[in-house]
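Quick notes on the structure that follows.
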Amino acid sequence: MIVRDTSEQTIKKVNEIKAALYDYKHRIREKNKFFSQDLINNLFTHPYTKIEFVMRDLHVSRLIATKYLDVLVEDEFLEKRKVGCINYYINIALNQILLS
0 MIVRDTSEQT IKKVNEIKAA LYDYKHRIRE KNKFFSQDLI NNLFTHPYTK IEFVMRDLHV
60 SRLIATKYLD VLVEDEFLEK RKVGCINYYI NIALNQILLS
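Heads up: the sequence shown is residues 0 to 99, going by numbering that gives the first Met the number 0.
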């Protein structure tokens with residue numbers, strides 16, 4: 000019974016993550032010209048991202064990566080947290096799913 004419960008909980012989390020990914024994809028695409036599948040993949044690979052990750056994955060400059068992330072913070076897709084001299088951008092929806 001425990002294995003079954005764990006499997007069902009895992010499937011539920013996977014479906015919640017999938018729904019959040021599609022929600023972000025559609026809302027970001029509607030609102031921003033800089034939308035790309037690479038950006039969505041970056042946001043959902045881990046519960047957070049950094050400027051350097053966006054630069055690497057989207058092949059953009061630091062200035063452009065920072066602009067994209069700050070717009071997503073303004074649009075409440077991400078939460079910006081500064082730790083030392085590094086900015087971390089927390090995926091709000093994904094983080095809530097993983098912590099529930």
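Note that the Cβ used here is the ideal one computed from N, Cα and C, for glycine as well.
None of the values given here were measured: they were computed from a predicted structure.
*Does the beta-carbon distance from D56 to D69 come in below 8 Å?*
Cβ atoms of D56 and D69: not closer than 8 Å.
_Buried or exposed for A113, going by 16 or more other Cβ atoms inside 10 Å?_
No answer is possible for residue 113: the residues shown for the chain start at 0 and end at 99.
*Considering K81, what are the terminal residues of the beta strand (DSSP E) in which it resides?*
For K81, the enclosing beta strand (DSSP E) stretches over residues 77 to 82.
_Through-space distance from L77 to I85, alpha-carbon basis_ = I85 and L77 have their C-alpha atoms roughly 15 Å apart.
*asked:* Let's see if you can read the secondary structure: which residues bound the alpha helix (DSSP H) around N41?
replied: Its alpha helix (DSSP H) spans residues 36 to 44.
*Which partner residues of T48 appear in the DSSP bridge assignment?*
Looking at the DSSP output, T48 bridges to Y88.
*Taking Cβ to Cβ, would you say I39 is nearer than 8 Å to L20?*
Against a cut-off of 8 Å, the Cβ pair of L20 and I39 comes out as a contact.
*What did DSSP end up calling V72 once you bin it into helix, strand or coil?*
Three-state DSSP puts V72 in a helix.
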